[in-house]
Amino acid sequence: MDLNHLKTYHNIVSDQLTSFDKKVKQLLSLGLQVLNAEVGVVSRVVNDFYTIVFVSPNAYKLQAGTRLDVANTLCTFTLKNNDITYLTAADAPSDINHFNITSLKPETYIGAPIYNGQETYGTINFISSTPRTTPFNDDDIEIITLIARWIGAELQRNRTYQILYSKNQLLERLEEVAKIGTWELDLVSEELKWSRYTKVIHEVPANYLPQLAMAINYYKQGKSQKTIIAAIEQAKAGGKPFSVEAQLITAKNNTIWVAAKGQADFIDGQCVRLFGTIQDVTESVAQRLELEKQKQAAQHLLGQRTKLFAKVSHELRTPLNGVIGMLTAALDMDDADARNEKLTVALRCGDLLLDIINEVLDYSKLTHGDMGLEPSEFQLNQIFLDLVSLYAPLCDTKPVKLTHKLLIEDDLWVHFDSTRLRQIVANLLNNAVKFTETGTVKLWVSATRDNDICKLIIKVADTGVGMSSETLNGLFEPFSQGPKGTAQQYGGTGLGLSIVKELITLMEGTIDVKSDIDRGSMFTVSLSVPLAQSQPQTENTTIESLVDASALNILVVDDNEINRLVMDALLQEFNAQPDFAVDGENAVYKCRSKSYDVIFMDCFMPVMDGFEATRTLKSKAIVGKHCKIIALTANTSDADKRACKAAGMDMFLSKPVKIEAIQKVLERII
1 MDLNHLKTYH
11 NIVSDQLTSF
21 DKKVKQLLSL
31 GLQVLNAEVG
41 VVSRVVNDFY
51 TIVFVSPNAY
61 KLQAGTRLDV
71 ANTLCTFTLK
81 NNDITYLTAA
91 DAPSDINHFN
101 ITSLKPETYI
111 GAPIYNGQET
121 YGTINFISST
131 PRTTPFNDDD
141 IEIITLIARW
151 IGAELQRNRT
161 YQILYSKNQL
171 LERLEEVAKI
181 GTWELDLVSE
191 ELKWSRYTKV
201 IHEVPANYLP
211 QLAMAINYYK
221 QGKSQKTIIA
231 AIEQAKAGGK
241 PFSVEAQLIT
251 AKNNTIWVAA
261 KGQADFIDGQ
271 CVRLFGTIQD
281 VTESVAQRLE
291 LEKQKQAAQH
301 LLGQRTKLFA
311 KVSHELRTPL
321 NGVIGMLTAA
331 LDMDDADARN
341 EKLTVALRCG
351 DLLLDIINEV
361 LDYSKLTHGD
371 MGLEPSEFQL
381 NQIFLDLVSL
391 YAPLCDTKPV
401 KLTHKLLIED
411 DLWVHFDSTR
421 LRQIVANLLN
431 NAVKFTETGT
441 VKLWVSATRD
451 NDICKLIIKV
461 ADTGVGMSSE
471 TLNGLFEPFS
481 QGPKGTAQQY
491 GGTGLGLSIV
501 KELITLMEGT
511 IDVKSDIDRG
521 SMFTVSLSVP
531 LAQSQPQTEN
541 TTIESLVDAS
551 ALNILVVDDN
561 EINRLVMDAL
571 LQEFNAQPDF
581 AVDGENAVYK
591 CRSKSYDVIF
601 MDCFMPVMDG
611 FEATRTLKSK
621 AIVGKHCKII
631 ALTANTSDAD
641 KRACKAAGMD
651 MFLSKPVKIE
661 AIQKVLERII
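Take the sequence shown: its position 550, counting from 1, is numbered 550 in UniProt numbering, and each next residue is one higher.
Given below as structure tokens:
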């Protein structure tokens, strides 16, 4: 082959700046020159169809995209021969009109198959309408062979590139869906490569060139950075694969959690490459941490319940033992005064038992968010005067003096939950008296008007045992009773101050405490209490003036025999002779045959509960409009009261029922 032609060929194929299409046209031009031909064509042959892909020059109206039957082209012989084929007019069959162009009567033809890997892509062929003066020689065969091979090789390379590109595109899409990136570190050249999604995770530009030192610096300083460095070093030293979770601070200063995995390649015992994946696991880590938090909370709650059951079980035994013991002793006593003394002690033990039960119920309501305040209008100073009169006798039983200073106007009325306010102060006074053997207990209260609000400050101080800083830190935690032995010495459930704290929080107030060992403690409560809009008349109900209910027809509905006996005994104190029903259905039956003025209705009973019975009695007018139905229930939450009201009950009494409560109900009815 002519050296100039060969040089031109190499210049064309080695030019990195020229596109494939342009190179093919340049090679066709070179072939035309060497072969002294008129037209050069590169074709694509698929399923007996011949399509022109490149043509040079654009003569005879031939153009790329023209489609023919391959049998109507001279290339059919090249494809059958699967080799370079050349023909003259004498050799070509007369029934084949190459390209279906009548003005083009090829006198000479030379074509070669083009292979894309192992597959036949098509042909390259050169034709001329004038006969050659000399036959095709080795140089002619060489040039068409070189061109055909180069086109085939480029087609194969492009196809391989397209396959790799498609796979890479798929990989990138999979990375994005799974939020997983890949990385590779060449330890010989120290070149670090990140996939596109790895750069997305680090929030760096697409053209970012990572460096190993900087890549490590993205990990949060401290535990995370030390963990990834240690994992890489272990992989390099011993080939141990690693999988770590660590915090990473992105280029945009966002903190995320990533799972980094990697392994090493070794050649002749030398680590030459590290590669692996990195995944954004922020969401899953957050979910795991939240589940762990919930687990710990559940375990803490379970621990609290275990403590509660153990503590309550222990605390209930003392007053219960007192009730049983005193009642048992009273049974065999003929002396009325001695018997009354035993019964009085039993009643006190019963009150203590009720206090413990109420404390547990309050704690349960507060921890479940079921506690609600029930405000009413009352004279503020009366609350504290009542408490002083209650706790002064307790102080008189030991060398302790109760002093008080109430800076409250006599006509100051507020709209607040008096029961819960009383409970808070009573608990603080009770603790002060309990933990003070000698000295003083002081109650100081200040109430200042501020528009429609009263700024209330309550201080309870004592000269008792005091508390250490360690005790103070957990003072308002449930079951916290200070140093070991405190519970055994002083008793109690350990729920009181926890309930006080929760109630004050519910009231949007604050409580502070100061204390020194052996010098005493001082609690300070600050509350904002709404002023009352009016000053209702106080009710001075005394148990000495029991009402006479002998004229009332009363029905007691309760499935428990002991509860019926208790209500019978209490109502007889008011000269009443009640009838009894064992369930709601039995009550409805009795009400059909007798008119009742008052029905004490238990809420939870078999067959028909109190709610359904009340609805039946009211909706079907079985009882008269004057009849009052009083709910009897051990559940005292706001929701329970609302359920009773919704069923049509007129009033509400909580068990255990006290004679004072029945007195108020009967007074209202009479």
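Ideal placement from N, C-alpha and C gives every residue a C-beta, glycine not left out.
Considering only their Cβ atoms, is the gap separating residue j from residue i smaller than 7 angstroms?
i: residue 378; j: residue 445; result: no
i: residue 53; j: residue 45; result: no
i: residue 143; j: residue 31; result: yes
i: residue 272; j: residue 146; result: no
i: residue 515; j: residue 466; result: yes
i: residue 48; j: residue 24; result: no
i: residue 88; j: residue 108; result: yes
i: residue 462; j: residue 521; result: yes
i: residue 85; j: residue 77; result: yes
i: residue 459; j: residue 403; result: no
i: residue 608; j: residue 583; result: yes
i: residue 184; j: residue 275; result: yes
i: residue 163; j: residue 277; result: no
i: residue 40; j: residue 126; result: yes
i: residue 495; j: residue 509; result: no
i: residue 264; j: residue 235; result: yes
i: residue 68; j: residue 50; result: yes
i: residue 504; j: residue 511; result: yes
i: residue 559; j: residue 605; result: yes
Closer than 6 angstroms by C-beta to residue i: which residues in its own chain qualify, once you throw out the five before and the five after it? Chain order, please.
i: residue 650; result: 628, 629
i: residue 641; result: 652
i: residue 529; result: 414, 416, 454, 456
i: residue 489; result: Summary for residue 489: the model assigns pLDDT 43, below 50, so the residue's position carries little reliability; its value from the coordinates is reported in the next sentence. Excluding residues within five positions, none has a Cβ falling inside 6 angstroms.
i: residue 250; result: 202, 203
i: residue 374; result: 417
i: residue 5; result: 34
i: residue 423; result: none
i: residue 13; result: 150
Which same chain residues, not among the five before or five after residue i, have their C-beta less than 8 angstroms away from its C-beta?
i: residue 541; result: Since pLDDT at residue 541 reaches only 44, below the 50 mark, its modelled position is unreliable, and the value read off the structure follows with that caveat. Once the five neighbours on either side are set aside, the close Cβ partners of residue 541 are 660, 663, 664, 667.
i: residue 266; result: 239, 272
i: residue 591; result: 555, 599, 617, 622, 623
i: residue 21; result: 54
i: residue 615; result: 647, 648
DSSP beta-bridge partners for residue i?
i: residue 271; result: 266
i: residue 443; result: 404, 460
i: residue 454; result: 449, 529
i: residue 391; result: Note: residue 391 sits in no beta bridge, so no partner.
i: residue 108; result: 88, 128
i: residue 246; result: 258
i: residue 116; result: 119
i: residue 67; result: 51
i: residue 415; result: 377
i: residue 277; result: 182, 261
i: residue 191; result: 186
Excluding the five sequence neighbours on either side, which residues of its own chain have a C-beta within less than 7 angstroms of the C-beta of residue i, listed in chain order?
i: residue 299; result: none
i: residue 539; result: Interpretation of residue 539 is limited by its pLDDT of 49, a score under 50 that renders its predicted location unreliable; no figure is taken from the coordinates.
i: residue 2; result: 139
i: residue 643; result: 611
i: residue 398; result: 437
i: residue 206; result: 196, 199
i: residue 9; result: 30, 146
i: residue 485; result: Here residue 485 scores only 45 on pLDDT, less than 50, and its place in the model should not be relied on; the value that follows carries that caveat. Within the same chain, residue 485 has no close Cβ partners at all.
i: residue 658; result: none
i: residue 452; result: 530, 531
i: residue 432; result: 441, 460, 462, 464
i: residue 392; result: 402
i: residue 156; result: 116, 117
i: residue 137; result: none
Which whole-angstrom value is the C-beta distance of residue i and residue j, which I expect to be below 8 angstroms?
i: residue 574; j: residue 549; result: 4 angstroms
i: residue 735; j: residue 260; result: With the chain covering 1 to 670 only, the question about residue 735 has no answer from this structure.
i: residue 721; j: residue 427; result: Here the chain covers residues 1 to 670 and nothing more, so residue 721 does not appear.
i: residue 588; j: residue 622; result: 6 angstroms
i: residue 227; j: residue 257; result: Not a contact, Cβ separation roughly 12 angstroms.
i: residue 225; j: residue 219; result: 4 angstroms
i: residue 124; j: residue 148; result: 5 angstroms
Closer than 7 angstroms, CB to CB, is residue i near chain C or not?
i: residue 245; result: The chain inventory of the structure shown lacks chain C, comprising one protein chain alone.
Problem set entry | Start-end ranges of the beta strand (DSSP E) lying completely within the stretch 556-635, minimum 3 residues | 579-581, 598-602, 628-633
For this session: Would you list, in sequence order, the uninterrupted alpha helix (DSSP H) runs of no fewer than 4 residues that lie entirely inside the stretch 13-63?
Result: 20-35
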